[in-house]
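See structure below.
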Amino acid sequence: MDDLDRRILTVLQKNNRLSFAELAELVDSSAASCMRRVNKLRSTGVIVADISLVDPKSLGKSLTVIVTVELDRKHLDFVNDFKRAMQAAKEVTQCYMVTGDADFVLIVAVEDLDAFDVFVKTKLFTDPNVRKFKSMITLDRVKMEPRITV
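Note that the sequence shown covers residues 45 to 194 in this note's numbering.
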């Protein structure tokens with residue numbers, strides 16, 4: 045990966061709807077070169093997805109909760125079961141396996157406290173491997189930038 049690839053990634057992380065001509069102008073290259081490089085970045089897995097970021101509140105998901113989860117058993121099968129359950133949970137927008145006091149950190153987006161209560165009762169209380177969890181209700185999203193400095 046060279047400097048041009050890095051410039052392309054920086055621009056695309058801000059706006060991936062640019063035409064190759066617009067991208068080329070911003071990164072000081074040609075449209076053909078940008079097209080080849082973007083296709084290569086996609087095919088090699090550097091770019092993993094092209095998505096639209098949606099404001100959760102515009103869809104009625106006005107409550108974001110950060111949840112730390114500690115599992116009872118650390119056996120690989122139980123860990124994988126929990127990972128699969130969180131991947132399937134529509135309320136969980138992000139799930140990280142972490143070091144420290146907790147085993148997982150979840151970002152949960154729901155409509156309100158009642159919806160979060162349903163999530164807790166159906167996804168956490170029902171999992172026999174969840175030893176304990178702590179939740180933190182967010183008051184304000186100060187920064188959310190799903191991009192990587194390149």
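No residue lacks a Cβ here, since even glycine has one placed at the ideal position from N, Cα and C. Note that the coordinates shown come from a computational prediction; the quantities given were computed from them, not determined experimentally.
- Counterpart residues of Glu-189 in DSSP-defined beta bridges: The sequence position of residue 189 within the sequence shown is 145, counting from 1. Partner(s): none; Glu-189 has no beta bridge.
- Since I believe Glu-114 is in contact with Lys-165 (beta carbons under 8 angstroms), could you give me their beta-carbon distance rounded to a whole number of angstroms? Numbered from 1 along the sequence shown, position 121 holds the residue referred to as residue 165. Numbered from 1 along the sequence shown, position 70 holds the residue referred to as residue 114. No, Lys-165 and Glu-114 are not in contact; Cβ-Cβ is about 18 angstroms, not under 8 angstroms.
- Query: Span of the beta strand (DSSP E) holding Leu-97?
  - Reply: On the sequence shown, position 53 is the one that residue 97 refers to. Careful: Leu-97 lies outside any beta strand (DSSP E) and carries neither H nor E.
- Boundaries of the beta strand (DSSP E) in which Lys-105 is found, first to last residue: As a first step, residue 105 must be located in the sequence shown, where it is residue number 61. Taken as a continuous stretch (DSSP letters only), Lys-105 belongs to no beta strand (DSSP E), as it is neither H nor E.
- Chain-order list of residues whose beta-carbon lies under 6 angstroms from that of Gln-138 (same chain, five-residue window excluded): If you number the sequence shown from 1, residue 138 lands on position 94. Around Gln-138: Ile-151.
- Going straight from the alpha carbon of Val-55 to that of Val-98, what length do you get? Counted from its first residue, the sequence shown places residue 55 at position 11. Counted from its first residue, the sequence shown places residue 98 at position 54. Approximately 19 angstroms, taken between the alpha carbons.
- Message: In the DSSP output, what is Val-154 paired with across the bridge?
- Response: In the sequence shown, counting from the first residue as 1, residue 154 sits at position 110. The partner list for Val-154 (beta bridge, DSSP) reads Leu-107.
- When you compare only the Cα positions, how much space is there between Phe-163 and Gln-57? By 1-based counting over the sequence shown, the position of residue 163 is 119. By 1-based counting over the sequence shown, the position of residue 57 is 13. Answer to the nearest angstrom: the Cα atoms are 32 angstroms apart.
- For my contact list, Asp-125 and Asn-173 are in at a C-beta cut-off of 8 angstroms; report their separation, rounded to the angstrom. Counting from 1 along the sequence shown, the entry for residue 125 is found at position 81. Counting from 1 along the sequence shown, the entry for residue 173 is found at position 129. Indeed, because the Cβ distance is near 7 angstroms, the residues count as touching under 8 angstroms.
- Query: Helix, strand or coil: how does DSSP classify Met-130 here?
  - Reply: Mapped onto the sequence shown, residue 130 falls at position 86. Of the three classes helix, strand and coil, the one that applies to Met-130 here is helix, per DSSP.
- Query: Taking just the CA atoms, how far does Arg-80 sit from Ser-87?
  - Reply: As a working note, residue 87 is residue 43 in the sequence shown. As a working note, residue 80 is residue 36 in the sequence shown. Straight-line measurement puts the Cα of Arg-80 at about 10 angstroms from the Cα of Ser-87.
- In the DSSP assignment, find the alpha helix (DSSP H) that holds Arg-51 and state where it starts and stops. The count along the sequence shown starts at 1 and reaches residue 51 at position 7. Run containing Arg-51: 47-58, per the alpha helix (DSSP H) assignment.
- Item | Ile-91 versus Ile-192 - alpha carbon distance | Position 47 of the sequence shown holds residue 91. Position 148 of the sequence shown holds residue 192. C-alpha separation (whole angstroms): 11 angstroms.
- Query: What does a CB cutoff of less than 6 angstroms around Ser-179 pick up in its chain, not counting 5 residues either side in sequence?
  - Reply: As a first step, residue 179 must be located in the sequence shown, where it is residue number 135. Excluding positions up to five away in sequence, the list reads Val-109, Val-111.
- Enumerate in chain order the residues of its own chain whose CB-to-CB distance from Asp-156 is below 8 angstroms, with the five nearest sequence positions on each side excluded. Within the sequence shown, the letter at position 112 stands for residue 156. Correct list, in chain order: Ser-106, Leu-107.
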